[in-house]
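I have placed the structure first, in the form of C-alpha cells, so that the comments after it can refer back to it.
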Amino acid sequence: MTGPSSIEAIAVVIPARDEEDLLPGTLESVRAAAAHPGIGSVRVLTVVVADCCTDATGDVSRAAGALVVPVRFRNVGQARSAGVRAALGALDKGRGRVWIASTDADSTVGTDWLAYQLARAAEGWDAVVGTVTVDRWPPDKADLAVRYRHLYEMSRPPAGRPWHHPHVHGANLGVGSRAYAAAGGFPPTPLDEDRGLVDALERTGAHILRTSDCPVVTSARSTPRARGGFGDHLIDLDSAPLAASGNEAVS
Numbered sequence: 001m002t003g004p005s006s007i008e009a010i011a012v013v014i015p016a017r018d019e020e021d022l023l024p025g026t027l028e029s030v031r032a033a034a035a036h037p038g039i040g041s042v043r044v045l046t047v048v049v050a051d052c053c054t055d056a057t058g059d060v061s062r063a064a065g066a067l068v069v070p071v072r073f074r075n076v077g078q079a080r081s082a083g084v085r086a087a088l089g090a091l092d093k094g095r096g097r098v099w100i101a102s103t104d105a106d107s108t109v110g111t112d113w114l115a116y117q118l119a120r121a122a123e124g125w126d127a128v129v130g131t132v133t134v135d136r137w138p139p140d141k142a143d144l145a146v147r148y149r150h151l152y153e154m155s156r157p158p159a160g161r162p163w164h165h166p167h168v169h170g171a172n173l174g175v176g177s178r179a180y181a182a183a184g185g186f187p188p189t190p191l192d193e194d195r196g197l198v199d200a201l202e203r204t205g206a207h208i209l210r211t212s213d214c215p216v217v218t219s220a221r222s223t224p225r226a227r228g229g230f231g232d233h234l235i236d237l238d239s240a241p242l243a244a245s246g247n248e249a250v251s
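Mapping of the sequence shown onto full-length UniProt numbering: residues 1 to 251, in sequence order.
Quick look at the structure:
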C-alpha cells in the first residue's frame, strides 16, 4: 500500500493530439486542483504528451507551466506511458513516492480532484478509479444524453450507498508509482490502455478504490481523437437502435 506519508510529489499526465482549443481549460482546472489546501507542500508536476500535434498544443502547455513531451506514436497507451516516464525522471523521487494522476485534454477536473486522491493514498489505497460526467452535449442530442446516463448508472445502488462502479477512464485515474511499476505501467495499446492498467493492478494485488465521489467532466464532442475510445462509444450509442442500446456497455 502507498502509506500515509510516502507521497512527495504528484504527476498529472495528459496525452494530447491537436488540443489547442480545449487544453487550456484542462490545464487551468489542474492548476486550480494543485492549489487546493489539501495538497500542502506536495509538488505537482503537469506533463502534456503532445502526440503528433500540428497545432499550438505544445505552446499552450508550456505557457501554462506544463512539461511538454513531444512524441509521434499516434497511440494513447504509449503516450501515457511516455508521460509517466518523463514525470518520474523530472521529479527524481524514490520508488513509491510519486502519485500519478491521469486525465484527458478534453476534460476538466474539480478543484478537489488531486486533494481527494492524495487523501485516499494516505489511507493506503494504491489506486483510485473514478467516474466521468459529460457536458457540452449538442442541442440536438438530448435523447443521447438520457440514454448515456441511464446505461452509465445502471449499477448505481440506492441513494446513500457507495457505488463501486465498473467503469475505467483515463480521464479520471490515479495510482501510486510503486503499484504502477509492479503492474507494468500503461500497456502500449491504442485503445483501453486505462483498463489494461487497472486489470494489471488487480492481478498484482493492488488496493483499488472504485468511487464516484470525485468525478471529472469530459466532453461529448463528435470528433474524438482516439479511435474506438469514449468519443466513438458515444457516436455508436447515438446510432444504435433504442432497443439495442439497452444492452450496450459503457466504459
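By construction, the Cβ of each residue, glycine as well, lies at the ideal position given by its N, Cα and C atoms.
Since we're looking at a predicted model, the values are computed, not measured.
Query: Suppose contacts are defined by Cβ-Cβ distances below 8 Å. Is residue 252 in contact with S107 by that definition?; Result: The question about residue 252 has no answer, for the chain in this structure spans 1 to 251.
Query: Is the segment 41 to 48 close to the segment 10 to 26, with three or more CB pairs under 8 Å?; Result: yes
Query: Give every residue of the same chain whose Cβ lies closer than 8 Å to the Cβ of H150, excluding the five residues on either side of it in the sequence, and list them in chain order.; Result: none
Query: Taking 8 Å as the limit between beta carbons, can you name the residues of its chain near G185, skipping five residues before and five after?; Result: S81, V84 and L197
Query: For a minimum of 3 consecutive residues, which ranges assigned as the beta strand (DSSP E) are wholly contained in the UniProt domain "Glycosyltransferase 2-like" (12 to 171)?; Result: 43 to 51, 67 to 71, 98 to 102, 127 to 129 and 132 to 135
Query: Given this structure, state the Cα-to-Cα distance separating R210 from M154, to the nearest angstrom.; Result: 15 Å
Query: If the criterion is Cβ atoms closer than 8 Å, does the pair L114 and V60 meet it?; Result: no
Query: Can you find at least 3 beta carbon pairs, one from the segment 117 to 132 and one from the segment 161 to 171, that sit closer than 8 Å?; Result: yes
Query: Mind checking E193: buried by the 16 CB within 10 Å criterion, or exposed?; Result: buried
Query: Quick check on DSSP: helix, strand or coil for A182?; Result: helix
Query: Do G177 and R120 have their C-beta atoms within less than 8 Å of each other?; Result: Residue identity check: residue 177 is Ser in the sequence provided, not Gly. It is not a contact, given that the beta carbons lie outside the stated cut-off.
Query: Tell me, which residues are paired with G174 by DSSP?; Result: A101 and V128
Query: Please name the residue in C52, A64 and T204 whose C-alpha comes closest to that of A79.; Result: C52
Query: Cα separation between A34 and A63?; Result: 16 Å
Query: Report buried or exposed for E19, applying the criterion of at least 16 other Cβ atoms within 10 angstroms of its Cβ.; Result: buried
Query: Which whole-angstrom value is the C-beta distance of E86 and V109, which I expect to be below 8 Å?; Result: Reading off the sequence, residue 86 comes out as Ala, not Glu. Not a contact, Cβ separation roughly 20 Å.
Query: Since I10 sits in a beta bridge, which residues does DSSP pair it with?; Result: V44 and W99
Query: So the candidates are L191, D21 and W137; which of them puts its Cα closest to the Cα of V76?; Result: L191
Query: So what's L209 in DSSP terms, helix, strand or just coil?; Result: strand
Query: Which residues does DSSP pair with V216 in a beta bridge?; Result: V132
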